[in-house]
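Under the numbering used here, the first residue of the sequence shown carries the number 3, and numbering increases by one thereafter.
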Amino acid sequence: MGKQIFVPSMVNDSVTAYHTETGREHWRFFADAPARLASIARNGKVYFVNDDGYLYCLSAVDGNLL
3 MGKQIFVPSM VNDSVTAYHT ETGREHWRFF ADAPARLASI ARNGKVYFVN DDGYLYCLSA
63 VDGNLL
């Protein structure tokens, strides 16, 4: 997680991980509804909620749904 930032999107219903030094996309996860609020990253996991009413938990390494 150390050098990544996780960005939610209302435009394409996703959360994207970017490398903070290069700005390159590391991975992108598409949900079923817009992600409007900031995500939380802790212990190798990324948590976020969106308009479908679910709490998502993703692997910070590869963006896979846990």
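In this text, a Cβ means the ideal position worked out from N, Cα and C, and glycines have one as well.
Use the C-beta contact count for residue i: other C-beta atoms within 10 angstroms, 16 or more gives buried, fewer gives exposed.
{"i": "ALA40", "result": "exposed"}
{"i": "TYR56", "result": "exposed"}
{"i": "LEU60", "result": "buried"}
{"i": "VAL48", "result": "buried"}
{"i": "ASN52", "result": "buried"}
Based on DSSP bridge pairs, tell me the residues matched to residue i.
{"i": "THR18", "result": "VAL9 and ARG30"}
{"i": "SER1", "result": "Since the first residue shown for the chain is 3 and the last is 68, residue 1 is missing from the structure and cannot be characterised."}
{"i": "LEU67", "result": "LEU60"}
Between residue i and residue j, how many whole angstroms is the CB-CB distance? I'm expecting something under 8 Å.
{"i": "ASP34", "j": "ASP54", "result": "5 Å"}
{"i": "PHE31", "j": "SER16", "result": "6 Å"}
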